Ligand SMILES: [Zn+2]
C-alpha cells in the first residue's frame, strides 16, 4: 500500500503540472481527491491492515493528500493569475490620450505679486492695512505734506470728484489714517496694498488705474540703515540674491531724506540696454525717512519717533520679473495672458 | 536741465572725470543723470577755411566754384550753398575728412569740375536742426572774423562737448543754473566754485533819469530792478555764447536775447529785455491786471488777463506778463538801440497761476515758479549788463532803478553729530560732518558736536534738521550706510480675519474653475448703473461721476463689477475663446447723496460671469453647457465652506433673464443675486448664454464666525427613505424642503432633491419632486417605527401646506 500511495502521489503531481486550465485542474482534483478517488479508496481499505501498519499508512495517506492539495492550490493560483493577466491585457487603454479636464482657474498675476509682497512683509512683522479708494484731499495730500498749492501736486494730476474728494493717487493716505488711529503713542509696522488712480492716458507704460504697495514703520529710534536692511531683504528675495541694489537720493514730499532704489538690469547685467535706458539700473522702489511734518500731522512727535516709508508698483515689478511688455495686459484680462500666470 | 560740460568747466574743476564717471557720481549723490550725449557725432579733418574767390560753376547754375585757403593749401571746392561768398571764413571738410554719419570726403568731379572737399553747414557737422540759428539754417556756417584759418573747427563750434541731461526732482531747483550745478559738482568732487565777472563800467548818465519803478503788489513782486543799456548794436552773439546755448537746447537769436538767455542759464535768474524806445513811457508799474485787460505777447497771441495775473505796465498798458512772457510791442529787434533790462523776483504761486491759465511754460516761468535765489537777482542784472557792454557794444547807465523789499535772510539750522548718526545708523565723526558741510559750501559754526549751519539762499529746499540730514547722507554716500534690521519690539505679522477670508474666497473660486480678472473701477455712466444688486441700488442715489473725466469710457465709478466682467467675456469671445469663467473681487462705490459731499461707502463685492461649455472632454464628445445650477453649485460650495445657510428667491432685475434670476438671502438679509443675463444684454455684449453672480462680501464676512466644533462620527447605521411628491409647478423646491424639515422631527439629518420630473403621466401644470431623506441618531440604532412616524408626519404636512400628493 505504501508503494501504491507513493505512486498515486507521483501520478497526481504529474497531472497537476500538466494541467493547462482551471477546468483541467479541477478534473485532477476530482480524480485524485474526490470521494471516489484512489486515495479515499486506500483509506477505506485501511481496516485490513495490522494495528502497527495502520497509523503508518494513515499518516502517509494524509501526507500524500496534503502534498497533492498544496500543489493543486499553488497551480490554481498560478492559473488564475494567468487568466487575470489575460483579462487585464484586454482592458488596455491608450494612456497617451488626454485626461478629462477639471476646470481650474487661478489668481490674476497682480494678485499673486501683491500676495507675495504681503507674505514677505508679514514675515518681517508688518501688518496689512487697507483704506478707501475715494479719498479726501486732506488724507491724500495735505496729511502727506502736500499742501494745496504745492508744486509737486502737478506731477500727480488726479481724478477729482468734488473739490475735497478724489480717487486716491497713492495708498499712503492709509498710512496717515493709521497714524491718526494709533494716536501717536504706538509703533506702526504696516504695508498698504491697493488700487490707485491718476490722470494718465492708457498706453504701454501708463494706466489710469494701477496698483501700489506702500509701507510704513514708525517707532522710537528708527534708522535709515533699517530702511536699507528691510528693503534689501525684500529685493533679494523678490528678484534674486544675484541682483545688485543701488540706493540713491531722491525727493518725495512725505520723506526726508528720500531714497530711490534701483536693481541691476537682468537683461544686460549692468552693461546698459534699452530696457534700462543704457544705465544698467532699473528703478524699483521709492522711500525714505518719514518727514517730520507727516509724523506731526499723524500725531507723532518727531523728536521722539522716527520712521521710514516706502512704495512700489506691483505692475512694474511684475513687468520686470515676468517680462510683461505692456501694462494694459493687466486690465484687458485676455484669458491667454492670465493663464500663463496660473502656475503656483 | 541740459548741462554742457565745456561750459560747466568755466565754474568748477571737473578733476579729469569723464562724462560717464561724473554722471554716475551725480546720480548717486542725488540728481539723476538721465542721459549723457555728444553735441555732435565726431568728425575729423574739418578746418576753418578762407574763401578767396567764389564764381559761378561753368556748367551749373546753382553751384559755385570756390577757391578756399585752408592754411596748408588752397583747395578748389564746388559748393551748392546759396550763401557762400568770397571773404568768408567757413568750415571746410578736407579730402579724407569724415563727417557724422560716417560720411567720407573724397576728391570728386562735379559737372566736369574738380572739387577737393566740402564747405559744411552746421547740420552737416552734426548739430541738431532745431538749435541752429535761423540765418544759417539753409546754408553753410560763416565764422566771425577772429577765427584762425587752418585750425580745426571742433573747438570753435564746441563740437567735442558732452551734455548731461539732469532729471531734477521738484526740490532741486537750485540745479536749474550752471552755477547751481557747479556747486553740486563741487560738493561731489570737493572743488571750489568760481563765479563769473559782474564788473560793469557805467557811464555818467543815470538810469534813474530814464526810468522809474513802482510796484503795487509787493507780495507778488518783492524785488524789481531796471537797468538801462544804451547804444546797443544788435547782431549775432559771440560764438561761445551761441555754442553754449545750442548745447543747452536753446536756439541763438541775437546778442541781446542770447545774453539774457545765457545769464538765465548761468545764474538761474530770468531776465527780460524791453526795447526802451518802444516801452511807451518812462515808468515801470507792476500791478495785478484788471478784468478785461489784454496783452499781445511775443508769440503774437492776444491773451486775456484777470486780476489773478501779475503784469508789467508802462503805467497805462501791459508790457509783459510778469515772469512769463513779454509783450510784442516792446520786443527787442534788430533796430533796438536802448534796452530796458528787467531783473526781478516774482512770487512762484503768482507765476504758476499765469502759466496754468495761459499754458505758457518756459525756461523763465519754470524758474520763477520754483523760486529763484534772492541773492542772485541783482547780480544777474550786472552780469547781463557786463555782457551787453562787451558783446553788444552797449553803454550801461549808472545805477539800478529798483523796488526792493526782498527777504534775503539765510536760514539757520542746528544739528548735532549724534542726532545725525542716530537717524542714519552711522558713526560719522564731527570732523567728517564739518568736511561734508565745507564741500557743500555751507557756512557753519561748530562747537564739538554742535553745528549751526547758515544755509545759502540758493538752497531754498533746506529749512530743517532733516534737510541737512539728507545733505550729509548723500555726500557721505547712501551706499556707505549699513544694512540693519529694526531693533524695536518685534511683533508677529498676520492677516486679519477679513483679509484671510478674502484670500480664501478667491482660492475657492479659482478651485471651482474661475480665473481672476481685474477691471477698471471707472466705467461709462451707462454701465455704472447696470446689473446692480438690489441691496446696492436701494442705497445708491446716483453713481459717482468724476468732475473732469478724461473720457466718457472712464467717467463714472462702478456700482457693479459685472458690466466690466461681461466686457471681459466679450473681449475674449471675440478672440475665439468661448468657454470662459471669470470672477473679480473689489469695491463698488455707494453714495446716498444726490450731490456727493462726503466719502462714499465702498462695498466689497465678488462677482462672477461664466459662459460656454463646462467639463469639456473633446475626444469623448462630452460637454456640458454652463447653466444656472452650475453657478449655483459653485456658490453653494462656497457657502457650505463658510458655514452659511443661504436661501434663493426668484426675482427680477433689469438686464437679467426674468425667469432665471434669484436673489440671495442670509439671515433674511439680501446678499446678492445669481442668474442668467437677459438675451438682449447678451446680444449687446455679443455673447452666448451667460450666467453671473454678485455677492456682498462685507455682510457675508461679518457673519463668518465658524469655529468648527467636533461632532461624533456616526457609529450606528443611518436609515434612508425616498419620498416622491407631485405638486404644482410654481411651488419652489426649497419651500417643500422647508416644510419637510419642519415636520420631520430631530432624527432627520438631511434632505436632498434627487429627481425632478415634468411631462408624460403627470397632470398639466404639475411636477414630481423626489427627495432623499436621511435619518440617524448618533447614540443608538433607529427603529423602523420611528422613521415611519416621521415619514407620515412629513406626508401630512406637505399635503396640507402644498397640496402635495404622493406619486403613485
Ligand atoms: Zn539693461
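Residue numbers (our numbering), protein chains in the order written: chain C, 1 to 344; chain W, 1001 to 1808. The C-beta atom is built at its ideal place from N, Cα and C for all residues, glycine as well. None of these values were measured; they are calculated from a predicted model.
Use the C-beta contact count for residue 1252 of chain W: other C-beta atoms within 10 angstroms, 16 or more gives buried, fewer gives exposed. A buried status is given to residue 1252 of chain W, since no fewer than 16 other beta-carbon atoms sit within 10 Å of its beta-carbon.
Which residues share a DSSP beta bridge with residue 261 of chain C? C/247 and C/285
What is the C-beta distance between residue 959 of chain W and residue 1094 of chain W, in whole angstroms, given that I count them as a contact (C-beta under 8 angstroms)? Beyond the ends of chain W as shown, which are 1001 and 1808, falls residue 959 of chain W; an answer cannot be given.
Run through chain C and tell me which residues come within less than 8 angstroms of residue 1811 of chain W, C-beta to C-beta. Lying outside 1001 to 1808, the shown extent of chain W, residue 1811 of chain W is not represented and no answer is given.
Ordered list of alpha helix (DSSP H) runs contained in the stretch 1508-1545 of chain W, each at least 4 residues: 1525-1528 and 1534-1537
Touching by the beta-carbon criterion (3+ pairs, under 8 angstroms), the stretch 1587-1594 of chain W and the stretch 1529-1546 of chain W: Yes, they touch.
Quick one: which chain C residues come within Cβ less than 9 angstroms of residue 1499 of chain W? 118, 128 and 130
Counting pairs of beta carbons, one from the stretch 1621-1633 of chain W and one from the stretch 1709-1720 of chain W, are three or more of them closer than 8 angstroms? no
Using a Cβ-Cβ cutoff of less than 7 angstroms, which residues in the same chain neighbour residue 1361 of chain W once the five nearest sequence positions on both sides are dropped? So the qualifying residues of the chain are 1355.
What is the DSSP secondary structure of residue 1656 of chain W, counted as helix, strand or coil? strand
Of the residues that make up the stretch 95-113 of chain C, which ones have a beta carbon closer than 8 angstroms to any beta carbon in chain A? No chain A is present in this structure, whose protein chains are C and W.
Is residue 299 of chain C near residue 215 of chain C, with beta carbons less than 8 angstroms apart? Against a cut-off of 8 angstroms, the Cβ pair of residue 215 of chain C and residue 299 of chain C comes out as no contact.
How many angstroms separate the CA atom of residue 16 of chain C from the CA atom of residue 1776 of chain W? The alpha-carbon atoms of residue 16 of chain C and residue 1776 of chain W are separated by roughly 55 angstroms.
I need the DSSP call for residue 1104 of chain W, collapsed to helix, strand or coil. strand
Does residue 225 of chain C come within less than 8 angstroms of chain W when only Cβ atoms are used? yes
DSSP on residue 292 of chain C, reduced to helix/strand/coil? Secondary structure at residue 292 of chain C: helix, using DSSP grouped into helix, strand and coil.
Residue environment, residue 1750 of chain W, which counts as buried when at least 16 other CB atoms sit within 10 Å: Burial call: exposed.
Going by DSSP in three states, residue 1587 of chain W sits in which element: helix, strand or coil? Three-state result, residue 1587 of chain W: strand.
Check whether the stretch 1490-1509 of chain W and the stretch 1568-1576 of chain W touch, using three or more Cβ-Cβ pairs below 8 angstroms as the test. As far as the Cβ criterion goes, the stretch 1490-1509 of chain W does not touch the stretch 1568-1576 of chain W, which means the pair count is below three.
Minimum Cβ-Cβ distance from residue 329 of chain C to chain W less than 8 angstroms: no
Between which residues of its own chain and residue 1652 of chain W is the CB-CB distance below 7 angstroms, once the five residues before and five after are set aside? Only residues of its own chain outside the window of five on either side were considered, and among them 1658 and 1661 have a CB closer than 7 angstroms to the CB of residue 1652 of chain W, listed in chain order.
Can the beta-carbon of residue 1564 of chain W be found closer than 8 angstroms to that of residue 1520 of chain W? yes
Simplified DSSP assignment, three categories, for residue 316 of chain C: Here residue 316 of chain C carries a helix assignment [DSSP, helix/strand/coil].
Given residue 1037 of chain W as reference, the closest of W/1785, W/1164, W/1302 and W/1725 once Cα atoms are compared: When only C-alpha atoms are compared, the closest one is W/1164.
Cβ neighbours of residue 1147 of chain W in the same chain (closer than 7 angstroms, five flanking residues each side left out): Closer than 7 angstroms at the Cβ level, and outside the excluded window around residue 1147 of chain W, lie 1048, 1089 and 1156.
Indicate the three-state DSSP secondary structure (helix, strand or coil) for residue 1229 of chain W in the structure shown. strand
Shorter than 8 angstroms from the beta carbon of residue 346 of chain C to some beta carbon of chain W? This structure does not reach residue 346 of chain C, given that chain C is present from 1 up to 344, and the question cannot be answered.
Take the Cβ of residue 1754 of chain W as the centre, count every other Cβ of all protein chains shown within 10 Å, and call the residue buried at 16 or more, exposed below. exposed
Buried or exposed by the 16-neighbour rule on C-beta atoms within 10 Å, applied to residue 1021 of chain W: exposed
Chain C contacts from the stretch 1465-1480 of chain W (Cβ-Cβ distance under 7 angstroms): 1466, 1467, 1469, 1470, 1473, 1474, 1478 and 1479
Cβ neighbours of residue 1196 of chain W in the same chain (closer than 8 angstroms, five flanking residues each side left out): These residues qualify, in order along the chain: 1010, 1011, 1266 and 1383.
Taking the alpha-carbon of residue 1062 of chain W as reference, which of W/1080, W/1443 and W/1426 has the nearest alpha-carbon? It is W/1080 whose Cα lies nearest to the Cα of residue 1062 of chain W.
Taking a contact to mean a Cβ-Cβ separation below 8 angstroms, would you say residue 1204 of chain W touches residue 1282 of chain W in this structure? no
Shorter than 8 angstroms from the beta carbon of residue 282 of chain C to some beta carbon of chain W? Interface with chain W (8 angstroms Cβ-Cβ cutoff): residue 282 of chain C is excluded.
Using a Cβ-based criterion (distance less than 7 angstroms to any ligand heavy atom), does residue 320 of chain C qualify as near ligand 1? Checking every heavy atom of ligand 1 against the Cβ of residue 320 of chain C, none is found closer than 7 angstroms.
For residue 123 of chain C and chain W, any beta-carbon pair shorter than 8 angstroms? So yes, residue 123 of chain C belongs to the interface.
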